[in-house]
Amino acid sequence: MYWIARAGPTRHASWPMSMALSISTGACPRAPSIGARALGTKRSLQPRHSPRGSRTSSEVARTFQPASSLYALPMASISDEEKRRLLKSSNLFQGLDETELDAMVALVRLVSVNSRQELFHRGDSASQLYVIVRGRLKALVTSPEGNEIVFNILGPGEVLGELAVLNDTPRTATVQAIDVCELLSLRQADLFEFLRAHPEAAIKLCRVLAGRVSNLSELVADMQFLNLPFRLAKKLVAMGQAYGQEQDDGLRIKLKLSQEEWGDLVGATRESINKQFRAWTKEGLIHLDRGCIVLAQPEQMERLSSYESV
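Counted the way the working numbering counts, the sequence shown spans residues 69 to 378.
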């Protein structure tokens, strides 16, 4: 059965400088977080929809669909085998053994959110975590003036909302669907009961979360000290590993992102991303295929992403 994810009303809040350390980044090589912007970059935080500074209140209100716009979806089902496959492919639960997976399968349910719908809002209580089945979501904060800062874009196989659930603290960012999304939902109470019953699974999850902290520390350092070509090459390589498809002309990254979204991921302006992409296209390193980037020379891009190239 489908359940619809509830979302809070649209509102705005200021955000602390420690926000970057609260956003989950997903360090698993199979499905790494698609990106996050560290604080301290020099990108101008101009609004995306208004050329004259901040957006009006009516423009901001149109950005999110209110909770009242949610509707019940038709009855549908997802098999336990499919739940098992999705959990095993996630970057948080892939280390569980068969017994632990059986227990987890019984606890998760399928939920859905519409495109541009909030899954949850910064400051909301954290009652459940999610495994993305289909679609993309973005983690963001909004200033009192209505400017959005995107910290993360997440895709299938990634887990979101787990840190606030484990810490029993309010949500540190708003998560909004980019596409129509389906997710597996796990309640906080059920997760804690599962961990008490399966202590070995708790240790495995701790290792995954520790890896995320390490990955985030490296990400923040990259944002602060490394140049744009390095950061962008590193992001392309990571996304190629997670979402790449081999074809005759190179490695196609099966994820369509705008140049502005690429800028969000590496802390750069759209103009800077455009300039770098044009340079790499001229050099034969990348090209576009139906809106997706193809790494024409993956090995060379990997060399550009190594610290020796800086």
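For each residue, glycine too, the CB sits at the ideal point set by N, CA and C.
In terms of Cβ geometry, K206 and I246 form a close pair [threshold 7 Å]. Between the alpha carbons of F262 and R152 lies a gap of roughly 16 Å.
Contact between the region 181-195 and the region 235-242 is present: three or more C-beta pairs spanning the two stretches fall below 8 Å. Residue nearest to Q344 within the set D332, Q327, R358 and G359 is Q327 (criterion: CA-CA distance). The Cβ atoms of L252 and V181 do not sit closer than 7 Å to each other.
Using a 10 angstroms sphere on the CB of R320, the tally of other CB atoms reaches 16 or more, which defines it as buried. By DSSP's assignment, A245 forms a beta bridge with L205. The straight-line gap separating the alpha-carbon atoms of E186 and G229 is approximately 13 Å.
Put simply, the backbone Cα of C249 is about 7 Å away from that of S183.
A contact between stretches requires three or more CB pairs, one per stretch, nearer than 8 Å, and the region 158-171 meets this requirement with the region 269-284.
In the same chain as S195, and ignoring 5 residues on each side of it, the C-beta atoms closer than 6 Å to its own belong to Q256, in chain order. Non-local beta-carbon contacts of L300 in its own chain, meaning distances under 8 Å to residues more than five positions away in sequence, involve W330, V334, A336, I341 and Q344 in chain order. With fewer than 16 other Cβ atoms from the protein chains shown falling within 10 Å of its own Cβ, P238 counts as exposed. Using a 10 angstroms sphere on the CB of D290, the tally of other CB atoms reaches 16 or more, which defines it as buried. With respect to D258, L175 sits close: the two C-beta atoms are nearer than 7 Å.
Under DSSP, D357 shares a beta bridge with C360.
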